[in-house]
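Counting in my numbering, the sequence shown runs from 275 upward without gaps. Working notes, beginning with the structure itself.
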Amino acid sequence: MRAPPYSFKTCLFLCSVCLLMGLTSDVYATAVSGQVSVWSYMRDDSVDHAMVAPSLSLNAYQLGHRDLTFQTTLRGFTDIRNGESNEEQMRIQRAVLIYSPRESKWQVRLGQQWINEGVGFGNVAGVWAQVKPCPMGSLTAYAGSRIARTMYFDSEDGDNADEGINAGLHLKRRFGKTNVGLSYTYLAKDGDVLFSGAGIDASSKLCKDFSVRGRLHMNLEQSSIETAQLLGMWTPINQIMLTGEVRSQTPRIFEDSYFTRFLEDASTNFARGTVRWNFYDEYYVKYSGHVLMGEDYNPWKIRAGLGCDNLELGYTHWLSVAEGDYDGFYGMATGDIEVNGRDYGDIFAGFDFAKGSNSDIRKDTESQSAYYGVRITRLHAFDFSARMEHIKSWTESNDWRGLFGITWRFSTLAGGVR
């Protein structure tokens, strides 16, 4: 078992943050908020497997200046198989200083952060800046070191090595009931261009009952479409709602990645639609279809269900890659947890066929599953959740999986800032 690489550096980093907050809290009325959480995933099949992921998030407001905010998230990870720990890590997922002058039209963020600006996304250690020249629009620019994965405390194995640069622009503007965004991103490493892309995203409420969203992201280096997507929602009358989506997508896999060889096979084209009719009060019927379009096969799935606010039962019929027709039922139920009129969470349970993210592609992932769990929130600053799932595949194997989490939130008030 490898010794934890984060014991000393983790303590040093946390002590530095706490000392900084402590020194500034009295002088500048710093307010601190955050949360501590522990998530655990357990699996019982051919291998007894458990993963534990503790995390700490801290937010410090008015840090030395009324317009300065510091945010950081630390996450640990332990992988245990058959009672032995195979891997232990501690990463800095986020560490960013935010300067946002009050009553101003601009904001600057400096540090390690997650970028999500149109066609551009990813972990970046650098600067992000946004200006709003008018109430209906904004311009965002970012640049920094590309981080393939979040930063390790232990950098001896080279995981914190420079992965190149990541830079981009994002222009957003609202025209009446239509929002339009234009974006560009550039990623390079060792003088080679990993990705150069441009995109347009738009959403509009064309009329009172009809709204539409679309995006077109282009890979300029390969002169190809990375993502083309169109979604629509129409409510012709109050009791009927129709939704539809058509999408073509190729995962963004860079040339320095092992998975480049699977790029062509990973491309997907699919269409799906749903019709829902509320025929009486909260009672409804729902019909949905999903088709995956390929060169040699077109697997599809249709569902019909009857339900209300807390219960839905239905039937599934699908054609898998194995070129066979399959049938199954599904159901789901939820119930609120209330004490003296106050909502403390909910309980849920259900059963289904063809579970799994690849159930339309790989026959061996199609299975029967039953699941149940509970979510408890706002219980003396604690949140708790648990989900158990029993999976029985067509090869007659039985697997148990569980996901458990507990979160504690804390906050201080200083100078009227939360």
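Backbone N, C-alpha and C fix where the C-beta goes; we use that ideal spot for every residue, glycine too. Quantities reported herein were computed from a predicted structural model and do not represent experimental measurements.
I need the DSSP call for residue i, collapsed to helix, strand or coil.
i: lysine 693; result: The structure shown has nothing for residue 693, since the chain only spans 275 to 692.
i: tyrosine 373; result: strand
i: methionine 364; result: strand
i: valine 393; result: coil
i: glycine 568; result: coil
i: arginine 543; result: It should be noted that the sequence gives asparagine, not arginine, for residue 543. DSSP places asparagine 543 in strand when its eight states are reduced to three.
i: histidine 654; result: coil
i: serine 429; result: Confidence in serine 429 is poor, its pLDDT being 47 and thus under 50, which makes the residue's placement unreliable; the coordinate value appears in the next sentence. Serine 429 falls in the coil class under three-state DSSP.
i: glycine 615; result: coil
i: glutamine 387; result: strand
i: threonine 534; result: At threonine 534 the pLDDT is 46, less than 50, meaning the model places this residue with poor confidence and gives no usable figure here.
i: lysine 629; result: Residue confidence is low: lysine 629 scores 45 on pLDDT, short of 50, so the model does not pin down where it sits. Its coordinate-derived value is still stated next. In this structure, lysine 629 counts as coil in the three-state DSSP scheme.
i: proline 715; result: Residue 715 lies beyond the residue range present for the chain, which begins at 275 and ends at 692; the question has no answer from this structure.
i: phenylalanine 678; result: strand
i: arginine 340; result: coil
Can you give the beta carbon distance from residue i to residue j, rounded, assuming they're within the 8 angstroms contact cut?
i: alanine 334; j: threonine 347; result: Their Cβ separation, rounded to whole angstroms, is 13 angstroms, which puts alanine 334 and threonine 347 out of contact at 8 angstroms.
i: glycine 400; j: serine 419; result: 6 angstroms
Please confirm if residue i has its CB atom under 8 angstroms from at least one CB of chain D.
i: valine 467; result: Of the protein chains in this structure there is only one, and it is not chain D.
Apply the 10 Å Cβ neighbour rule to residue i and answer buried if 16 or more other Cβ atoms are within range, or exposed otherwise.
i: phenylalanine 449; result: exposed
i: serine 457; result: buried
i: lysine 451; result: exposed
i: proline 573; result: buried
i: arginine 613; result: Residue identity check: residue 613 is valine in the sequence provided, not arginine. Exposed, by the Cβ-count rule.
i: tyrosine 416; result: buried
i: glycine 615; result: exposed
i: leucine 480; result: exposed
i: phenylalanine 282; result: Any reading at phenylalanine 282 must be qualified, since the residue scores a pLDDT of 48, below 50, and its modelled position is unreliable; the value itself is stated next. Counting Cβ neighbours within 10 Å, phenylalanine 282 comes out exposed, since fewer than 16 surround it.
i: tryptophan 682; result: exposed
i: glycine 588; result: buried
i: aspartate 610; result: exposed
Are residue i and residue j closer than 8 angstroms when you measure CB to CB?
i: glutamine 345; j: valine 370; result: yes
i: serine 685; j: serine 307; result: yes
i: serine 311; j: valine 326; result: no
i: arginine 269; j: glycine 619; result: Coverage of the chain is limited to positions 275 through 692, which leaves residue 269 absent and any answer about it impossible.
i: arginine 489; j: glutamine 503; result: yes
i: glutamate 437; j: glycine 471; result: no
i: tyrosine 600; j: alanine 578; result: no
i: glycine 547; j: threonine 517; result: yes
i: isoleucine 421; j: valine 398; result: yes
i: tryptophan 674; j: aspartate 318; result: yes
i: leucine 566; j: threonine 542; result: yes
i: cysteine 582; j: tyrosine 604; result: no
i: histidine 491; j: glycine 465; result: no
Counting pairs of beta carbons, one from the stretch 349-365 and one from the stretch 376-391, are three or more of them closer than 8 angstroms?
no
Taking contact to mean 3 or more Cβ pairs, one atom from each stretch, closer than 8 angstroms, check whether the stretch 386-395 and the stretch 458-468 are in contact.
yes
Determine contact between the stretch 474-488 and the stretch 504-516, defined as no fewer than three beta-carbon pairs at a distance below 8 angstroms.
yes
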